[in-house]
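There are 4 protein chains.
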Amino acid sequence: MKKELITQSINLFVEKGFSATSIQDIVDAIGVTKGSFYYHFKSKEALLMHIHLSYIDDLLRRQKRILETEKTCRTKLMKVVEFLIEDIEAQGALGRIYYREIRHLSAENGAVIREKKNQFRDNIESIVADGIKNGEFRKNLQPKMTTYAILGMTNWSYQWFNPEGELSVSELAAIYTDFILNGILAEK
Amino acid sequence: MKKELITQSINLFVEKGFSATSIQDIVDAIGVTKGSFYYHFKSKEALLMHIHLSYIDDLLRRQKRILETEKTCRTKLMKVVEFLIEDIEAQGALGRIYYREIRHLSAENGAVIREKKNQFRDNIESIVADGIKNGEFRKNLQPKMTTYAILGMTNWSYQWFNPEGELSVSELAAIYTDFILNGILAEK
Amino acid sequence: MKKELITQSINLFVEKGFSATSIQDIVDAIGVTKGSFYYHFKSKEALLMHIHLSYIDDLLRRQKRILETEKTCRTKLMKVVEFLIEDIEAQGALGRIYYREIRHLSAENGAVIREKKNQFRDNIESIVADGIKNGEFRKNLQPKMTTYAILGMTNWSYQWFNPEGELSVSELAAIYTDFILNGILAEK
Amino acid sequence: MKKELITQSINLFVEKGFSATSIQDIVDAIGVTKGSFYYHFKSKEALLMHIHLSYIDDLLRRQKRILETEKTCRTKLMKVVEFLIEDIEAQGALGRIYYREIRHLSAENGAVIREKKNQFRDNIESIVADGIKNGEFRKNLQPKMTTYAILGMTNWSYQWFNPEGELSVSELAAIYTDFILNGILAEK
DNA sequence: AATGAATGAGATTTCATTCAT
DNA sequence: TATGAATGAAATCTCATTCAT
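Chains as they are written, first to last, in the numbering used here: chain A, 214 to 401; chain B, 214 to 401; chain C, 214 to 401; chain D, 214 to 401.
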């Protein structure tokens, strides 16, 4: 039941946004009473924090596995991009909340999540920096900005990509990794 | 005074989100009363629509000028990316609202804005498609997905880029256009 | 209307206690809506504070006037006791709230009220101490405890005395002042 | 465990008041669950009634013993005042609840307690009346009002007296009985 | 004897909106 | 143009109580 509350609230948060989703909306969606909600969560914000925490912890766990498994910076980076994009299928809704509703966490909770989020980004920045050093990537790249560019592309895809449309998540991942590696210019 | 209402509400919407910002918050910020607000705007949503409309109309106007002025697809695309990123300095707050609060427009208003937004994106897609056709860009690019990638990068920068930090908006624009054109791989 | 809210809430607080009186109870009593209540008072506690503050400030003002007007310690003390008891008629309800609901004020507000309350008591203690020094009162009295005894008697009367019963407030005041001055023992 | 529930609830009722203390507060204080509470008490009010009943029955029992043991009205009265004040040490918290939370009993339960409370007071009134008749006390006293004055003083002391402060309960009792017997005026 | 989950009623508070002045 | 008072709906949250286990 706690799980159902989480599932339904994720859907509603995606659809209407956190602020505009009421506890009533959530409990109506699964046919229980407000009292039940507050038995399982201390507050609406506590639910939001729960969602954020389990999502970012999951991302960090999977990122870590890739960093340990892959050998080259190129494959490390590509695998991370692939798993982020392919994740749209399984947890696209979660991702959209994650990037939009952080502001509604309390100061302390927000800090906790932001810290982990930065860690995730820093890990990617390290891949880029290492790749530049060892010659896999172009010398004149700025690791930090390049990381933001890559994350911008992937994160943004959560906002528009429909996994049931013409392209599959894997196909999108392939297109995006090609774009990242080679840019758009025709070769001379 | 209508202008002040708009300015302050933009700041508040950025900071707390549309739903979580009350009319009281807005009028408190400029020291008037709620009655005044309703003299100038029919409703809270009308204000949000006003903000959206003037922003997207401005973007379309400037995009159109670039399309008419520039000659090659490459320069057309670069100029659009540059103006979007450099705009962070002048209207970053506006941009952040634009991409986040559309959901709080009514069905009709939302449709109007989405229509214009699609137009903006379609114009970019056309540049990419034309560039592929005429050989400026790689043959195997997918225009639509490439456009999403480019817009994802630029839009996302509104979320994290601080124009008063180490890099200027122009420097960021340069880094991003280089990334888009050439990717990250070292040349063989 | 703000006045009516205060008047009715005092009655209800006396009857049911602060915690057990709902905002709904209060606004129902005068036929307005909850929204109105919150237009006039920031919170339920703000109303309680308002009540406390205006009551204790009134008491201090009247006490001060007596201290300035009367000459002997005996008349000073008697006048204070008289006005407290005779006040039952005009503000008995207020008095009962005052002594019972302080706990429901916030820490800061509670401190403000307690401070003023102590001042009121200290002023009486000074009368007793002065009276002992100048020979009006018995040498072996303890000013502080004697003050508590006197205030205990008078305050307690707010809990049981019915001004519409057999005795008038003035008669009760006479009986109490006699008791305070002479005790109960038959003279030897 | 029932005893622990009672002990802890008394503390909480003193601190926060009956209405503002939740069952959750009580069971949290001793580390059990709400279900347990309802095994031992039919309702929150049942607990309050239990507390009131055992307290007033105890007072009546001890008062009765004094009435049977002491010979003169003066010693009877003094012994009752002494035991009430000295009781602050052992059951001060209980006393404070008793005088404050009666209102939260149901009509019937409230009547039972009020009945016993009146009996306690009537017994004191009888001592005063007898003392007047037999010449121990002044002729011009009003037994009922005098009783209220005495009970007011003693009851009020539960609100402010700290048995761990400068004075012991016995010392306070001595001061109060002296005050009751002799008043404050210096002898002529 | 005790627990954990759930309920339903009701509490305080917020807020967009209206309207007479 | 602007204000101040009021409204009504809905939001978050609390809480005494029940009940199957």
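All residues carry an ideal CB built from backbone N, CA and C; glycine is no exception. Only a predicted model underlies this, so the values are computations on that prediction, with no experimental measurement involved.
| Item | Value |
| --- | --- |
| Are the beta-carbon atoms belonging to alanine 362 of chain C and phenylalanine 350 of chain D less than 8 angstroms from one another? | no |
| Taking DSSP's pairing of strands, which residues face leucine 398 of chain A in a bridge? | B/Phe350 |
| With distances taken from CA atoms, which of D/Gln237, D/Glu283 and D/Thr367 is nearest glutamate 299 of chain D? | D/Thr367 |
| List the whole-angstrom C-beta distance separating isoleucine 264 of chain A from phenylalanine 250 of chain A, where the pair is believed to meet the contact cut-off of C-beta under 8 angstroms. | Not really, about 14 angstroms apart at Cβ, beyond 8 angstroms. |
| Starting from the N-terminal side, write out each stretch of the alpha helix (DSSP H) that is 4 residues or longer and does not extend beyond the region 320-391 of chain C. | 320-346 and 356-373 |
| How big is the Cα-Cα spacing for isoleucine 219 of chain D and leucine 290 of chain D? | 31 angstroms |
| Measuring only the C-alpha atoms, how far is valine 325 of chain D from lysine 277 of chain D? | 19 angstroms |
| Output, in chain order, the set of chain D residues within a Cβ distance shorter than 7 angstroms of isoleucine 388 of chain C. | Gln355 and Met358 |
| Buried or exposed, going by whether 16 or more other CB atoms sit within 10 Å of the CB of tyrosine 252 of chain A? | exposed |
| Could you confirm whether any beta carbon from chain A is found closer than 8 angstroms to the beta carbon of arginine 309 of chain B? | no |
| Mapping DSSP to helix, strand and coil, what is glycine 308 of chain C? | helix |
| By how many angstroms is the C-alpha of arginine 334 of chain D removed from the C-alpha of alanine 386 of chain C? | 21 angstroms |
| Could you compute how far the alpha carbon of glycine 308 of chain C sits from the alpha carbon of isoleucine 337 of chain D? | 26 angstroms |
| Grab the span of the alpha helix (DSSP H) containing glycine 248 of chain D for me, first residue to last. | 247-253 |
| Roughly how many angstroms lie between the CA atoms of leucine 364 of chain D and threonine 359 of chain C, to the nearest whole one? | 15 angstroms |
| Looking at chain C, which residues of the region 310-323 of chain D have a Cβ within less than 9 angstroms of any of its Cβ atoms? | Tyr312, Arg313, Glu314, Arg316 and His317 |
| Mapping DSSP to helix, strand and coil, what is alanine 233 of chain A? | coil |
| What is the residue span of the alpha helix (DSSP H) that histidine 317 of chain D lies within? | First-last for histidine 317 of chain D: undefined, no H or E at that position. |
| Alanine 268 of chain B: which of B/Tyr312, B/Leu225 and B/Lys346 sits nearest, CA to CA? | Rather than alanine, the amino acid found at residue 268 of chain B in this sequence is tyrosine. Nearest C-alpha to tyrosine 268 of chain B: B/Tyr312. |
| Is it true that the region 230-239 of chain C meets the region 221-239 of chain D, where meeting means three or more beta-carbon pairs spaced less than 8 angstroms apart? | yes |
| Going by DSSP in three states, lysine 277 of chain C sits in which element: helix, strand or coil? | helix |
| Under a CB-based cut-off of 8 angstroms, is glycine 378 of chain C close to chain D? | no |
| If we ignore side chains and look at the alpha-carbon of each, how far apart do threonine 390 of chain A and serine 383 of chain A end up? | 11 angstroms |
| How should methionine 214 of chain A be labelled, buried or exposed, when 16 other C-beta atoms within 10 angstroms of its C-beta is the threshold for buried? | exposed |
| Our contact map puts glutamate 314 of chain C next to leucine 261 of chain C with C-beta atoms below 8 angstroms; I'd like the distance itself, whole angstroms only. | 6 angstroms |
| Do valine 294 of chain B and isoleucine 393 of chain B have their C-beta atoms within less than 8 angstroms of each other? | yes |
| Strictly below 7 angstroms CB to CB, what residues from chain D border methionine 366 of chain C? | Ala362, Gly365 and Met366 |
| Is asparagine 395 of chain D close to chain C? Criterion is C-beta to C-beta, closer than 8 angstroms. | yes |
| Take the Cβ of lysine 352 of chain A as the centre, count every other Cβ of all protein chains shown within 10 Å, and call the residue buried at 16 or more, exposed below. | exposed |
| State buried or exposed for leucine 292 of chain C, treating a residue as buried only when at least 16 other CB atoms are found within 10 Å of its CB. | One point to set straight first is that residue 292 of chain C is lysine, not leucine, in the sequence displayed. With 16 or more Cβ atoms within 10 Å of its Cβ, lysine 292 of chain C is classed as buried. |
| Buried or exposed: which applies to serine 381 of chain C, given that a residue is buried once 16 or more other Cβ atoms fall within 10 Å of its Cβ? | exposed |
| Is it right to say tryptophan 369 of chain B is buried, meaning 16 or more other beta carbons lie within 10 angstroms of its own, or is it exposed? | buried |
| Go ahead and label glutamine 332 of chain C buried or exposed: buried means 16 or more other beta carbons lie within 10 angstroms of its beta carbon, across all protein chains shown. | exposed |
| I'd like to know if glycine 305 of chain B contacts chain A, where contact means its C-beta is closer than 8 angstroms to some C-beta of that chain. | no |
| Please confirm whether phenylalanine 250 of chain B has its beta-carbon closer than 8 angstroms to some beta-carbon of chain A. | no |
| So proline 376 of chain B packs on glutamate 302 of chain B, CB below 8 angstroms; how close in whole Å? | 4 angstroms |
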